[in-house]
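Student: Chains as they are written, first to last, in the working numbering: chain A, -19 to 385; chain B, -19 to 385.
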């Protein structure tokens, strides 16, 4: 039996905390630590009320304050830190984990505040440090990144000798009833999607303007949805770990109204990440936008519809062409009923807890820094389905997938 | 020969200052005072360079600081204050004028910061004070409000026994080449146009949702443009001063892209005028939006096209139906070439200077608070045309005007 420390108190942390509390056979106790301790207390109180699980402690912590976090880790001595706060904080939390000798898991790769550039280089650079310390760092264990890589590893293990084409497809066919809101931290979301797109082809990255490649892809139980190629961080590790891949792309659905709002937000300068002087105070427009937009955590109550995220793969098995699709659909309302958070938080928090469970039960082990496709996918996917994210697969994909010859 | 004090250093103040300097026979010298004295200095330097007029002094002043402004007025002793800064500041400047015994002119009616409610009540309440002091306060002497009321007074004087229907039509058929920008202070502009619309009919105000009445009106030398009914402050004084008016409306043109941007700005909460807490600082979203949007003063350089603003009137003359249209068209590029400011600033600054000239030359006189339609329109309109805003008129309007039977 083990104890973990969850850093963060947003929707993803809420889901992961609920899920840990549902499995006291692994998570004997845990701490939730965040800048605003009242948010941690609220989650702890809800868990005790809903699940009767009382082994949650809380603490106030600035995750960018390495000495303070090191001290808190040394005081609580968790078996694993689950970092479910902001990706800006990956490195300071990894540093504190190394100081205190504690293993680490996160759901999004490090990104410097001043440039929206998603790449694993910053965190892969910790490889030797974690190896030397005999500690494990599990990077990107949400849904995407996270489950999509485990799906790919599962496909490689069971259905392919060589993967040639990989398309990760991410649909949110939900409706939260607000004029405009982002499904997770708007600051991170808008930084991510206003970047140039990028995909891997024939050994190099092809850069494209944002939203310049669009197709109506067909999603199971959802139907066709306008989908756009954008860069997503798991592509970087997947093409490294599966070098037979000739092309890897990431597709995400966006509605026309969402894109209109995004275009205006950029036009009026509110997507900017450089500070501007306003009445003697430096304000970063995108951070202020986050303040005025609805809290993604508030979207759950009236959220209807579902997400559908999976991998469409083409390659070779036993000398023959093979196509394959593996995916999960998640209902927003069901996620909210169980955890008080909507589906986008749910599909990130459940894999985070499942990855933590893999580590704590010894299924995923090793000293160093790992992306999740480097581990055995089978026990993870078994538990993932049991924990609320059942997945489906089929060999032989339909024509909507539009793979090249 | 007289001297005036211009308060403000934006586009309108720049135009008015240039125009005053072009008429040293009336404006022997003047001061430009504003919170940021460097902006005043820049206008003074440009005027000296372009026009060889060196009688401009500048000062730093917070127009909301009544004692400081009173002291500055007592020191400079102008014959008139031309308030061309923000409408929030009307009352403090009127107070300082009363303290110092100096007459007053502005271009927009007072509006409290905390509610976007345009009405003359606040300023009309100063009637007795100005009367007792033997001072003149001239309210709303820009284009609209301002010239539109003088146009109406001119129509009433020369072409109608009774005005029954008045439609003020304001087209900006210009293109500044920016994705989105407002033509004057974005804070004031967005407060104004996101309000419910309102027009006068049969003795009462009819309130309508924003942008809910639209017609394609035809503008001279411009053609048809989508035009929307909104409330504009001069309607309030016109229906009071011309009680025969059965219906008075104000129309303004907006492009679809402008309205899309406006809709998104409201959806995302950036049109809000209540402060929100952001990192421990109270920020008013609309004020911050003003900070990130292009400075309207920067639009001039590449601005093409023209404005067209006028009054369409129906009524009775000598017992017969009469229709009449009086308007001005103003080219942005020409305004910029002359003053370094675009047409929307030009059409406000020129009437402000012309009104000041009316007061200083004794054409407009009286103790108390006045709206401009209460004065003799003839000398004003003669000078207005000479000063760069020639106007045209015709009896018998075309069917695009769509008056009711």
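Quick reminder that beta carbons are idealized off the backbone N, C-alpha and C, glycines included. If you're wondering where the values come from, they're calculated on a predicted model, not measured in any experiment.
Which residues in chain B sit within 7 Å of residue 249/A, going by Cβ to Cβ distance?
Tutor: Going along chain B in sequence order, the residues near residue 249/A (Cβ under 7 Å) are 272, 273.
Student: I'd like to know whether the C-beta of residue 3/A is nearer than 7 Å to at least one C-beta of chain B.
Tutor: Answer no: the Cβ-Cβ gap between residue 3/A and chain B never drops below 7 Å.
Student: I want to verify the contact list: residues of chain A whose CB lies under 7 Å from the CB of residue 265/B, in sequence order.
Tutor: Ordered by position in chain A, the residues that pass the 7 Å Cβ test against residue 265/B are 272.
Student: Going along the segment 152 to 164 of chain B in order, which residues come within less than 7 Å of chain A, judged by CB to CB distance?
Tutor: The segment 152 to 164 of chain B vs chain A, Cβ under 7 Å: 159, 160.
Student: Residue 152/A by DSSP, collapsed to three states: which one?
Tutor: Residue 152/A: strand per DSSP, three-state reduction.
Student: Please identify, using Cβ separations under 7 Å, the residues of the segment 230 to 248 of chain A that lie next to chain B, in order along the chain.
Tutor: Going along the segment 230 to 248 of chain A in chain order, one finds 240, 241, 244, 245, 247, 248 with a Cβ nearer than 7 Å to chain B.
Student: According to DSSP, is residue 11/A helix, strand or coil?
Tutor: Of the three classes helix, strand and coil, the one that applies to residue 11/A here is strand, per DSSP.
Student: Shorter than 7 Å from the beta carbon of residue 63/A to some beta carbon of chain B?
Tutor: Taking Cβ atoms only, chain B never reaches closer than 7 Å to residue 63/A, which makes this a no.
Student: Put residue 140/B into one of helix, strand or coil per three-state DSSP.
Tutor: Looking at residue 140/B - three-state DSSP - the assignment turns out to be coil, as it is neither helix nor strand.
Student: How big is the Cα-Cα spacing for residue 157/A and residue 283/A?
Tutor: Approximately 7 Å, taken between the alpha carbons.
Student: I'd like the span of the alpha helix (DSSP H) that includes residue 464/A, first residue to last.
Tutor: With chain A running from -19 to 385 in the structure shown, residue 464/A is simply not present.
Student: Does any residue of chain B have a CB that is nearer than 7 Å to the CB of residue 261/A?
Tutor: For residue 261/A, the answer is yes, since a Cβ of chain B falls inside 7 Å of its Cβ.
Student: Secondary structure at residue 371/B, three-state DSSP: helix, strand or coil?
Tutor: Of the three classes helix, strand and coil, the one that applies to residue 371/B here is strand, per DSSP.
Student: What do you get for residue 166/A, buried or exposed, if any count of 16 or more other CB atoms within 10 angstroms of its CB means buried?
Tutor: When all chains shown are included, residue 166/A counts as buried.
Student: Check each candidate in 248/A, 247/A, 262/A and name the one with the smallest Cα separation from residue 254/A.
Tutor: For residue 254/A, the nearest C-alpha among the options comes from 262/A.
Student: Any C-beta of chain A within less than 8 Å: which residues of the segment 344 to 367 of chain B qualify?
Tutor: Listed by position, the residues of the segment 344 to 367 of chain B near chain A (Cβ gap below 8 Å) amount to none.
Student: If we cut at 7 Å on Cβ distances, does residue 191/A have a partner in chain B?
Tutor: So, not an interface residue.
Student: Could you check how far apart the C-beta atoms of residue 328/B and residue -8/B are, in whole angstroms? I think they sit under 8 Å.
Tutor: Contact flag correct, Cβ pair sits at about 5 Å.
Student: Taking contact to mean 3 or more Cβ pairs, one atom from each stretch, closer than 8 Å, check whether the segment 75 to 84 of chain A and the segment 194 to 208 of chain A are in contact.
Tutor: With the cut-off at 8 Å, the segment 75 to 84 of chain A and the segment 194 to 208 of chain A do not touch.
Student: Tell me the rounded alpha-carbon separation between residue 215/B and residue 180/B.
Tutor: Taking the straight line from one Cα to the other gives about 8 Å.
Student: Alpha carbon to alpha carbon, what distance is there between residue 91/B and residue 178/B?
Tutor: One C-alpha to the other measures close to 17 Å.
Student: Between 358/A, 322/A, 305/A, which has its C-alpha nearest residue 313/A's C-alpha?
Tutor: Ranking 358/A, 322/A, 305/A by Cα distance to residue 313/A puts 322/A first.
Student: Give the straight-line distance between the Cα atoms of residue 299/B and residue 88/B, rounded to the nearest whole angstrom.
Tutor: Using only the alpha carbons, I get a separation of about 36 Å.
Student: What does a CB cutoff of less than 7 Å around residue 316/A pick up in its chain, not counting 5 residues either side in sequence?
Tutor: So the qualifying residues of the chain are 280, 281, 283, 322.
Student: For residue 283/B, does the three-state DSSP call read helix, strand or coil?
Tutor: Here residue 283/B sits in coil by DSSP.
Student: Helix or strand or just coil, what does DSSP make of residue 294/B?
Tutor: It is a strand residue.
Student: Count the other CB atoms within 10 Å of the CB of residue 257/A; is the residue buried (16 or more) or exposed (fewer)?
Tutor: Residue 257/A should be labelled exposed.
Student: Hey, out of 222/A, 153/A, 94/A, 291/A, whose CA is closest to residue 171/A's CA?
Tutor: Among 222/A, 153/A, 94/A, 291/A, the Cα nearest to that of residue 171/A is on 94/A.
Student: DSSP has residue 304/A in a bridge; who is on the other side?
Tutor: 293/A, 375/A, per the DSSP bridge assignment.
Student: Taking only beta-carbon atoms, is residue 17/B less than 7 Å away from chain A?
Tutor: With 7 Å as the cut-off, residue 17/B does not count as an interface residue toward chain A.
Student: Comparing alpha-carbon positions, which option in 108/A, 275/A, 154/A, 191/A lies nearest residue 239/A?
Tutor: That would be 191/A, whose Cα lies nearest to the Cα of residue 239/A.
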